[in-house]
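**Student:** Mind looking over this structure? Questions follow.
Structural data, given as structure tokens:
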């Protein structure tokens, strides 16, 4: 049975959002055990769950120091429970601050032996008829990486894409400033040389930013700084375009009727682009499933994040990484 | 009078596109002198223009070596004419390969004294009601930069935004993985320290990728690798979303009617997002206006690129940079 520890206090929207997410998830996965961490009075209406009391929270911008200090914070207690061998937990999920969660997961769950640096993974919907997702990593857990770290990200991303999206041999590419072999950041070029001869990944060269959503790549590897810029830019452009679409439809009575006539197609499109469906990011390379739900999670997106954690646990992604790095 | 040298052969769409662009531009700017460089037989129907014969072209992926070798290429001859003191030209424009154009402009026009490295500039439309553009640089002329280079990009971008968009004190920010002062790539952090005390720019800290189009910033500074990824990603997401919009509208007869009813609003939106309107990129930091039109320019986008070159020349951007770097 899968067992996931849930930080109930991290979301900007309070425990109402996490509680709704837990209920929605549990309805579809009655077999999965969830342990809820938070203020017991706020969780009083969650019956039938194992609970761990935690009366403090870490700030959204907290770093490693605050994480170490705040021993009674729900996020810290949740990660500690996930690391506790007696709990037999598969992983932990939190909607708290990214920096704090990365620190807590790395410090408490500890890196998988052989992993140089854990990395943050996000998946973007491919905007093609066949659908699917492109896995992008590192999305900002570090802001500088070595070529060897990029090489490891490629492997971790492949294992993830296999496990979560069922892609047998995920196409791995390095994010670069051109598709030719000689392109890339200085670190990227060195990583290219390492990946070219790496039998553990299906490396197929460089990819440019405009190819990421076109299906040309399953796993896009970059340093954490680039990944963060890439992720935020994509989100920003998509959000602003969404606003413009709304504006175009609410322009006058005709455009409003136009919307009613074409809304089915737009609903499909909006569903595809909905960040709530991808459920946040996750940290790969630590000894346990570690999923970071969106800070502004509502019930739906917290449920998606729980789904990701569940899928990672069912597919034994952590065990596969532990094995892979043993070789 | 403004005089611009035009490489007529660089576009993927051949001289038909550049000729149309020249004619369109000339209609609105009869006072501006254009010198056309290319095969004389192809330009036979362009009467009343000074012409320079050039019978070769450089490849789209050519670098500095090919530029130095291909003495009869239209791009090389055009840049040489722009550098020739007897021509009294203000600048040069080409739709040829970016790498070749950067090399030719840097080698032949030469860097403005004091400039460490020229940079490629692109402007993106801000997706806000007030409109306007955000200037992004470096967009990929280098793939690694020093903090001092980033500091210079900030100044060059400010001069550009003042001259072309009439922004009195452009808000300059560094592209980073967070808005807090401590964020940024290692090079970015050092540039932050330099810019904080730089009286020549209105530096206001860091900006994240999701804020670029929201009006929070007029000049976004980053290293060339990051800038290239940022640019390509934005283009890619916008293009893919455009396709999805089209798909949603062509779904069935109702959605097609829906499109007819709402197309005015979408036309405004599409016009705003149209890369043809921004006219390509330009190289700042060399002794002359140097505009790189889109490789796949048609008449409209080549006209836009000519407009940018004209505006830069009229506003004496090169002279302002030369003065600014003298101090």
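Protein chains in written order, with our numbering: chain R, 771 to 1097; chain H, 771 to 1097. We put the CB at the ideal spot given by N, CA and C, even for glycine. In this text the structure is predicted, and so the values were computed from the model without any measurement.
(1) List, in order along the chain, the chain H residues whose C-beta lies closer than 8 Å to that of residue 1009/R?
(2) Against chain H, does residue 1002/R count as a neighbour if the rule is that its beta carbon must be under 8 Å from one of theirs?
(3) Measure from the alpha carbon of residue 833/R to the alpha carbon of each residue in 821/R, 846/R and 824/R, then state which is nearest.
(4) Can you pull the chain H neighbours of residue 1029/R, defined as C-beta to C-beta under 7 Å?
(5) If we cut at 8 Å on Cβ distances, does residue 943/R have a partner in chain H?
(6) In whole angstroms, what separates the C-alpha of residue 1000/R from that of residue 944/R?
(7) State buried or exposed for residue 771/R, treating a residue as buried only when at least 16 other CB atoms are found within 10 Å of its CB.
(8) Around the Cβ of residue 816/R, are there at least 16 other Cβ atoms within 10 angstroms (buried) or fewer (exposed)?
(9) Using C-beta distances below 6 Å, list every residue in its chain close to residue 924/R, excluding the 5 sequence neighbours before and after it, in chain order.
(10) Along the segment 1010 to 1021 of chain H, where does the CB come closer than 9 Å to a CB of chain R? Name the residues.
(11) Hey, how far is the Cα of residue 725/R from the Cα of residue 1026/R?
(12) What number of angstroms, rounded off, separates the C-alpha of residue 1132/H from the C-alpha of residue 1083/R?
(13) In the structure shown, what three-state DSSP assignment does residue 1066/R receive?
(14) How do the segment 1020 to 1034 of chain R and the segment 994 to 1012 of chain H stand: do at least 3 beta-carbon pairs fall below 8 Å, yes or no?
(15) Are the beta-carbon atoms of residue 930/R and residue 1054/R separated by less than 8 Å?
(16) Between 1072/R, 1086/R, 1095/R and 1081/R, which has its C-alpha nearest residue 776/R's C-alpha?
(17) Report buried or exposed for residue 888/H, applying the criterion of at least 16 other Cβ atoms within 10 angstroms of its Cβ.
(18) Of all the CB atoms in chain R, is at least one closer than 8 Å to the CB of residue 1006/H?
(19) Give the straight-line distance between the Cα atoms of residue 806/H and residue 1024/H, rounded to the nearest whole angstrom.
(20) How about residue 828/H and residue 849/H: are their beta carbons less than 8 Å apart?
(21) To which residues of the same chain is residue 795/R closer than 6 Å at the C-beta, ignoring the five residues directly before and after it?
(22) Mind pulling the alpha helix (DSSP H) runs of 4 or more residues that sit fully within the segment 806 to 839 of chain R?
(23) Looking only at DSSP bridge pairs, what is residue 777/R linked to?
(24) Mind checking who residue 864/R pairs with in its DSSP beta bridge?
(25) Could you work out which residues of chain H lie near residue 999/R, taking near to mean beta carbons separated by less than 7 Å?
(26) Between the segment 777 to 803 of chain R and chain H, which residues of the former have CB atoms less than 7 Å from a CB of the latter, in chain order?
(27) Cα-Cα, which of 821/R, 958/R and 949/R is closest to residue 918/R?
(28) Under 8 Å, Cβ to Cβ, is there at least one residue of chain R near residue 975/H?
(29) Does any residue of chain R bring its CB to less than 8 Å from the CB of residue 897/H?
(30) Are the CB atoms of residue 869/R and residue 831/R nearer to each other than 8 Å?
(31) Measuring straight from C-alpha to C-alpha, what distance separates residue 1037/H and residue 901/H?
(32) Assign residue 842/R to buried or exposed, taking buried as 16 or more other Cβ atoms, counted over all protein chains shown, within 10 Å of its Cβ.
(33) Let's see if you can read the secondary structure: which residues bound the alpha helix (DSSP H) around residue 1006/H?
(34) Please list the partners that residue 960/H has in chain R, where partner means a Cβ-to-Cβ separation under 8 Å.
(35) Taking a cut of 9 Å between CB atoms, which residues from the segment 895 to 922 of chain H lie near chain R?
**Tutor:** Short version:
(1) 980
(2) yes
(3) 846/R
(4) 1028 and 1032
(5) no
(6) 13 Å
(7) exposed
(8) buried
(9) 942, 965, 971 and 991
(10) 1010, 1011, 1012, 1013, 1014, 1015, 1017, 1018, 1019, 1020 and 1021
(11) With chain R covering only 771 through 1097, there is no way to say anything about residue 725/R.
(12) A query on residue 1132/H cannot be resolved here, the shown segment of chain H reaching from 771 to 1097 and no further.
(13) coil
(14) no
(15) yes
(16) 1072/R
(17) buried
(18) yes
(19) 50 Å
(20) no
(21) 1073 and 1076
(22) 834 to 839
(23) 807/R
(24) 1062/R
(25) 945, 947, 979, 996, 999 and 1000
(26) none
(27) 958/R
(28) no
(29) yes
(30) yes
(31) 15 Å
(32) exposed
(33) 994 to 1019
(34) Chain R residues near residue 960/H: none, gap ~13 Å exceeds 8 Å.
(35) 896, 897, 898, 899, 910, 913 and 914
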